[in-house]
Amino acid sequence: MKADAIELGEWKSSAKRGGLNRGVSILDFILRIVAFLGTVGSAIGMATTNETLPFVTQFVRFRAEYNDLPMFTFFVIANSIVSAYLLLSLPLSIFHILRSSAERSRILFIFLDTAMLGLLTAGASAAASIVYLAHKGNAKANWFAICRQFNSFCERTSGSLIGSFLGVVAFILLILLSAVALSRR
Numbered sequence: 001m002k003a004d005a006i007e008l009g010e011w012k013s014s015a016k017r018g019g020l021n022r023g024v025s026i027l028d029f030i031l032r033i034v035a036f037l038g039t040v041g042s043a044i045g046m047a048t049t050n051e052t053l054p055f056v057t058q059f060v061r062f063r064a065e066y067n068d069l070p071m072f073t074f075f076v077i078a079n080s081i082v083s084a085y086l087l088l089s090l091p092l093s094i095f096h097i098l099r100s101s102a103e104r105s106r107i108l109f110i111f112l113d114t115a116m117l118g119l120l121t122a123g124a125s126a127a128a129s130i131v132y133l134a135h136k137g138n139a140k141a142n143w144f145a146i147c148r149q150f151n152s153f154c155e156r157t158s159g160s161l162i163g164s165f166l167g168v169v170a171f172i173l174l175i176l177l178s179a180v181a182l183s184r185r
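Using the UniProt record's numbering, read the sequence shown as starting at 1 and increasing by one per residue.
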């Protein structure tokens with residue numbers, strides 16, 4: 001009789017853990033979708049950013065495009081790679097919802113999510129430094145703040161950064177969630 005009570009108690013605690021892990025897996029899936037939307041929106045927003053201003057005459061114009069600066073190109077490439085990874089990781093995230101006891105794939109997620117976090121942080125940080133210079137300039141280096149002239153260009157690049165940093169926060173939470181799910185075993 002006592003052994004049956006112990007087995008019943010173990011079954012209840014494992015069912016409670018399974019329910020908690022399923023909840024963590026659902027939150028993981030939702031965060032992946034949020035991160036995907038943020039990174040793909042950032043990549044598209046930055047890749048379609050350009051503005052043309054007339055100079056003294058109609059025939060001489062100044063044009064600002066994202067691919068004029070290598071940091072913005074890196075930003076678009078990094079966000080595109082991370083978006084593709086997030087899209088490809090969604091089926092495995094669904095697998096975790098269905099089978100919450102999978103450990104090896106969660107360990108794989110921790111490694112890959114950490115690599116993608118590094119790539120996304122590098123791209124967003126490089127672009128953020130250029131956006132800062134575009135807004136503020138640097139008098140010591142004779143770099144002028146171009147956002148006074150190229151308002152639309154600066155607004156779109158700043159908006160793209162928001163989505164990318166949203167993806168960074170989502171990745172930090174994803175890594176923590178995977179670690180919590182593994183530690184509950």
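We put the beta carbon where it would ideally sit given N, CA and C, even for glycine.
Within a Cβ cutoff of 7 Å, which residues of the same chain sit near residue i, ignoring the five residues on either side of it in sequence?
i: residue 110; result: 175, 178, 179
i: residue 189; result: In the structure displayed, the chain extends from 1 to 185; residue 189 sits before or after that span and is not available.
i: residue 43; result: 76, 79, 80, 83
i: residue 147; result: 134, 135, 154
i: residue 158; result: 131
i: residue 87; result: 36
i: residue 114; result: 175
How far does the alpha helix (DSSP H) with residue i in it extend, from its first residue to its last?
i: residue 151; result: 151 to 183
i: residue 136; result: 104 to 136
i: residue 79; result: 70 to 98
Using DSSP's beta-bridge definition, name the partner residues of residue i.
i: residue 50; result: 65
Given residue i, which residues of its chain have a CB within under 8 Å of its CB, disregarding the five upstream and five downstream residues?
i: residue 71; result: 126, 127, 129, 130
i: residue 85; result: 112, 116
i: residue 120; result: 39, 78, 79, 82, 164, 167, 168, 171
i: residue 161; result: 42, 124, 127, 128, 131
Beta carbon of residue i, beta carbon of residue j: below 8 Å?
i: residue 116; j: residue 76; result: no
i: residue 141; j: residue 154; result: no
i: residue 93; j: residue 36; result: no
i: residue 25; j: residue 97; result: yes
i: residue 100; j: residue 22; result: yes
i: residue 173; j: residue 103; result: no
i: residue 136; j: residue 145; result: yes
i: residue 32; j: residue 89; result: yes
Leaving out five residues on either side along the sequence, give the residues of the same chain with a beta carbon under 6 Å from the beta carbon of residue i.
i: residue 39; result: 79, 82, 83, 167
i: residue 34; result: 170
i: residue 65; result: 50
i: residue 73; result: 67
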